[in-house]
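Colleague: Residue numbers (UniProt numbering), protein chains in the order written: chain G, 1 to 367; chain L, 1 to 367.
Got a structure here, written out as structure tokens. Questions coming.
2 protein chains.
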Amino acid sequence: MDDRVREHAEVLVDWSARVEAGDQVVMDVAEGAHDLAVAVAAELGKRDATLLTTYGSSEVGRAFLRAGDDDREFAHSEPKLAMLEAADVYLRIGGGRNTTAMADVDGDRRQKARKATTATREARMDTDWVSTVHPTRSLAQQAGMAYEEYQDFVYDAVLRDWESLADEMANMKEVLDEGSEVRIETEHTDLTMSIEGRTAVNSAASVAYDSHNLPSGEVFTAPHATEGEVFFDVPMTIDATRVKNVSLTFEDGEVVDFAAEQGEDAIADVLDTDEGARRLGELGIGMNRGIDRFTDSILFDEKMGDTVHLALGRAYDACLPEGESGNDSAVHVDMITDVSEDSRMLVDGEVVQRNGTFRWEEGFESA
Amino acid sequence: MDDRVREHAEVLVDWSARVEAGDQVVMDVAEGAHDLAVAVAAELGKRDATLLTTYGSSEVGRAFLRAGDDDREFAHSEPKLAMLEAADVYLRIGGGRNTTAMADVDGDRRQKARKATTATREARMDTDWVSTVHPTRSLAQQAGMAYEEYQDFVYDAVLRDWESLADEMANMKEVLDEGSEVRIETEHTDLTMSIEGRTAVNSAASVAYDSHNLPSGEVFTAPHATEGEVFFDVPMTIDATRVKNVSLTFEDGEVVDFAAEQGEDAIADVLDTDEGARRLGELGIGMNRGIDRFTDSILFDEKMGDTVHLALGRAYDACLPEGESGNDSAVHVDMITDVSEDSRMLVDGEVVQRNGTFRWEEGFESA
């Protein structure tokens with residue numbers, strides 16, 4: 001086994017999920033993620049956790065979703081709900097064999113199924129959950145990279161000094177926590193959001209930081225009262241559909257118009273899921289400069305330095321005042337804008353980032 | 001997809017598990033059983049069941065078991081227990097990539113882990129559970145067969161007229177239900193067991209018959225007060241160890257002596273698990289003449305016509321009077337004897353089977 005697989009498992013179990021003796025752990029394993037699952041099982045055994053492994057197979061999911069009539073109703077799985085309610089830690093090991101495995105599942109049906117799983121999704125979010133990914137040939141292909149090249153890319157992003165990145169990101173968190181309004185400007189974007197009363201998350205790839213992705217490296221919050229226009233120039237895949245150059249227009253916090261050069265139907269499906277799907281759940285600022293290119297994987301793309309992303313749908317509780325609930329939805333779909341050129345991010349009228357450079361960094365131009 | 005995979009899934013869901021709309025189904029998928037899992041998911045979707053899929057990976061299990069110190073304690077998984085308690089149906093889809101994947105896991109440790117999972121095992125047995133197997137290259141190898149040859153072997157055993165086999169087996173069930181003592185004689189065997197008050201199961205590969213294996217084709221009951229000597233001449237694999245020519249000596253229902261030409265340690269490990277592991281939990285009579293050879297897989301071997309098998313350990317509740325519990329153990333290990341030659345089975349002193357031929361069959365010689 002590649003030593004880096006073992007190190008990935010260690011980072012996941014120790015730094016990210018903070019697994020302790022006696023923890024009840026559920027691990028979900030994608031079709032191509034077997035090797036990392038084996039390494040994680042060994043780490044969990046060493047720490048006297050318990051382990052139940054589920055099979056996150058897109059092909060099993062596709063077969064189940066496609067079966068039956070169009071008027072078929074979906075319900076959540078009670079065993080899955082009970083399982084998640086009894087879990088302390090949930091580890092999702094992504095890494096499939098075909099990123100378009102669900103391409104021929106009807107959008108309406110997917111949406112119905114998604115709505116039916118609200119309870120299990122909430123139970124999962126109540127655990128110390130972490131999502132990571134094992135490098136597979138399918139993901140390498142999606143990234144347009146050779147397999148070994150892609151493995152290097154993933155491990156460079158995952159196996160790093162998380163403590164020191166957390167210190168860097170604390171600057172951005174401070175600005176957002178103290179500010180009330182964020183404005184983002186690029187060539188085709190002029191968007192204003194309120195972040196009044198919201199708390200930013202220093203997403204340092206650990207549940208100890210309310211951060212649930214490995215790798216991570218972003219600071220995010222839960223905006224509201226969004227106004228204006230935003231253009232997402234980073235291509236991505238939503239529900240197995242390729243999406244390019246999306247623009248959204250917001251009025252009173254809601255999407256009132258949208259367009260996409262490619263994959264407009266996928267955006268329409270997302271927006272039609274429920275009311276919350278038309279409002280923003282997240283503003284995120286990518287600060288992981290260890291990630292050096294877009295690979296059509298949201299786990300990596302949204303963390304990349306010199307990018308900003310917004311998500312339609314569900315907001316994370318960690319950004320909200322205790323007991324208050326933010327935007328609610330069955331979806332959470334991130335879209336990304338490159339801010340390395342011709343861009344400004346302002347908080348309460350003051351420029352915090354210009355052309356990718358933050359105010360506390362060398363080379364920042366205040367005007 | 002091979003049409004037979006789809007047919008296998010249909011038999012499993014309809015005939016074996018009797019899945020109905022709204023059933024909460026958990027499906028456990030071995031490493032090499034992906035294709036059958038996909039076909040089963042489609043059948044479950046058609047029937048409006050729910051589905052949670054777990055990953056029955058021997059390599060994940062091995063890594064988890066081997067980790068940590070020798071004095072490591074094992075505990076059952078609470079999420080797994082909760083999951084099983086909420087399940088109506090549990091489908092176990094076997095078919096790994098290496099039948100000796102657990103070969104280097106210490107016997108003591110395996111035994112400790114097995115004991116720790118009593119609660120989850122009981123919860124599984126309270127569901128409508130069915131075990132089947134997807135033909136893999138690893139199983140073909142264990143059977144000493146080519147892959148296509150092995151696929152034919154499996155589908156010949158699985159895709160058959162179960163209703164008509166159930167009718168044949170009803171004869172044997174009647175004899176056992178009415179009898180009180182079974183005696184088995186072969187060249188090296190002379191064993192007597194009481195079956196007083198016990199009910200035989202007509203194991204026709206369906207939960208409707210208290211039968212939980214697909215394929216099946218055996219009639220079994222729960223013997224007690226075993227006396228004498230038995231010799232198992234069919235080779236098999238127990239906990240990844242090859243076992244050959246086992247003999248057991250019983251006094252007052254308990255094993256007091258044992259030997260094996262090969263794999264004696266594996267037998268010793270089984271017998272040391274707990275008190276119940278030294279007593280019989282099952283007497284089974286193989287009646288599936290569609291299975292024409294031993295393949296070193298208990299699922300098939302014990303069902304083969306002209307064989308008798310006995311299991312050390314746990315008895316099945318279905319054989320016992322309502323509310324009474326039979327032999328209890330963390331293990332259930334079957335061992336098989338060929339009775340095609342030089343053999344007699346007597347119930348209450350009357351010969352029921354001689355040299356493989358039953359009393360109701362042509363060619364039976366009463367003396």
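Yeah, the Cβ is synthetic: ideal placement off N, Cα and C, and Gly gets one too.
Give a yes or no on whether 9 Å exceeds the smallest Cβ distance from residue 323(G) to chain L.
Modeller: Not an interface residue.
Colleague: Please tell me whether residue 72(G) has its Cβ less than 9 Å away from any Cβ of chain L.
Modeller: For residue 72(G), the answer is yes, since a Cβ of chain L falls inside 9 Å of its Cβ.
Colleague: Name, please, each residue of chain L whose Cβ falls closer than 9 Å to the Cβ of residue 167(G).
Modeller: Correct list: empty, because the minimum Cβ distance to chain L is about 33 Å.
Colleague: Determine, using beta carbons only, whether residue 330(G) comes closer than 9 Å to chain L.
Modeller: Closer than 9 Å: no.
Colleague: Applying a beta-carbon distance threshold of less than 7 Å, which residues of chain L neighbour residue 77(G)?
Modeller: Per Cβ cutoff of 7 Å: 24, 50, 51, 52.
Colleague: Would you check if the distance between the CB atom of residue 91(G) and the CB atom of residue 219(G) is smaller than 9 Å?
Modeller: No. Outside cutoff.
Colleague: At 3 residues or longer, what runs of the beta strand (DSSP E) sit wholly inside the stretch 104-135 of chain G?
Modeller: Counting whole runs of 3 or more residues, the stretch 104-135 of chain G contains the beta strand (DSSP E) stretches 128-133.
Colleague: Assign residue 24(G) to buried or exposed, taking buried as 16 or more other Cβ atoms, counted over all protein chains shown, within 10 Å of its Cβ.
Modeller: So residue 24(G) ends up on the buried side.
Colleague: Residues of chain G with CB under 9 Å from residue 34(L), in chain order?
Modeller: Simply 31, 55, 57, 59, 60.
Colleague: Quick check on this structure: which residue in 235(G), 339(G), 349(G), 366(G) has the alpha carbon closest to the alpha carbon of residue 356(G)?
Modeller: The option with the nearest alpha carbon to residue 356(G) is 339(G).
Colleague: Report the three-state DSSP secondary structure of residue 242(L) (helix, strand or coil).
Modeller: Here residue 242(L) sits in strand by DSSP.
Colleague: At what residues does the beta strand (DSSP E) containing residue 202(G) begin and finish?
Modeller: Unbroken beta strand (DSSP E) run through residue 202(G): 201-203.
Colleague: Less than 9 Å between CB atoms is the rule here; does residue 44(L) satisfy it with respect to chain G?
Modeller: For residue 44(L), the answer is yes, since a Cβ of chain G falls inside 9 Å of its Cβ.
Colleague: Which partner residues does residue 286(G) have in the DSSP bridge list?
Modeller: Per DSSP, 218(G), 307(G).
Colleague: Contact defined as beta carbons within less than 8 Å: I believe residue 157(L) pairs with residue 250(L). What is the distance between those atoms, to the nearest angstrom?
Modeller: About 31 Å separates the two Cβ atoms, so there is no contact after all.
Colleague: What does the alpha-carbon distance come out to for the pair residue 334(G) and residue 194(G)?
Modeller: Distance between the alpha carbons of residue 334(G) and residue 194(G) is about 18 Å.
Colleague: Going along the chain, which residues of the stretch 136-156 of chain L sit with their C-beta nearer than 7 Å to a C-beta in chain G?
Modeller: Answer in chain order: no residues at all.
Colleague: Between residue 159(G) and residue 4(G), which are expected to be in contact by the criterion C-beta below 8 Å, what is the C-beta distance as a whole number of angstroms?
Modeller: Right, the Cβ-Cβ distance comes to about 6 Å (below 8 Å), so this counts as a contact.
Colleague: Between the Cα of residue 131(L) and those of 216(L), 314(L), 62(L), 169(L), spot the shortest distance and give me the residue it belongs to.
Modeller: Minimum Cα distance to residue 131(L) is reached at 216(L).
Colleague: Can you give me the C-alpha to C-alpha distance between residue 60(G) and residue 260(L), rounded to a whole angstrom?
Modeller: Looking at the two C-alpha atoms, the distance is approximately 43 Å.
Colleague: Please list the partners that residue 65(G) has in chain L, where partner means a Cβ-to-Cβ separation under 8 Å.
Modeller: Near residue 65(G) (Cβ distances below 8 Å), the residues of chain L are 45.
Colleague: With a CB to CB cut of under 6 Å and the five nearest residues on each side skipped, what residues in its chain are close to residue 52(L)?
Modeller: Closer than 6 Å at the Cβ level, and outside the excluded window around residue 52(L), lie 26.
Colleague: So, does the CB of residue 159(L) fall closer than 9 Å to a CB anywhere in chain G?
Modeller: It does not: the Cβ of residue 159(L) has no partner Cβ on chain G nearer than 9 Å.
Colleague: Contact defined as beta carbons within less than 8 Å: I believe residue 127(G) pairs with residue 80(G). What is the distance between those atoms, to the nearest angstrom?
Modeller: The pair is not a contact, with the Cβ atoms about 13 Å apart (cut-off 8 Å).
Colleague: Does DSSP classify residue 368(G) as helix, strand or coil?
Modeller: The question about residue 368(G) has no answer here: the residues shown for chain G are numbered 1 through 367.
Colleague: Can you name the residues of chain L whose CB is closer than 8 Å to the CB of residue 173(G)?
Modeller: The premise fails here: residue 173(G) is roughly 33 Å from chain L at the closest Cβ pair, so nothing lies under 8 Å.
Colleague: How should residue 256(G) be labelled, buried or exposed, when 16 other C-beta atoms within 10 angstroms of its C-beta is the threshold for buried?
Modeller: Residue 256(G) comes out exposed.
Colleague: Could you give the DSSP three-state label for residue 166(G): helix, strand or coil?
Modeller: In this structure, residue 166(G) counts as helix in the three-state DSSP scheme.
Colleague: Within the 9 Å Cβ cut-off, does residue 80(G) reach chain L?
Modeller: Chain L, which has a Cβ nearer than 9 Å to the Cβ of residue 80(G), makes this yes.
Colleague: Can you tell me the Cα-Cα spacing of residue 235(L) and residue 72(L), whole angstroms?
Modeller: Spanning the two alpha carbons is a distance of roughly 33 Å.
Colleague: In this structure, how does DSSP classify residue 332(L) when only helix, strand and coil are distinguished?
Modeller: It is a strand residue.
Colleague: Considering only C-alpha positions, which residue in the set 33(L), 274(L), 280(L) is nearest to residue 139(L)?
Modeller: The option with the nearest alpha carbon to residue 139(L) is 33(L).
Colleague: Among the residues of its own chain, which have a CB less than 6 Å from the CB of residue 191(L), if the five just before and after it don't count?
Modeller: So the qualifying residues of the chain are 184, 228, 230.
Colleague: Would you kindly report the start and end of the unbroken beta strand (DSSP E) that includes residue 155(L)?
Modeller: Segment 147-158 is the alpha helix (DSSP H) holding residue 155(L); no beta strand (DSSP E) there.
Colleague: Using a Cβ distance threshold of 8 Å, determine whether the stretch 199-212 of chain L contacts the stretch 15-22 of chain L, with at least three qualifying pairs required.
Modeller: These segments touch.
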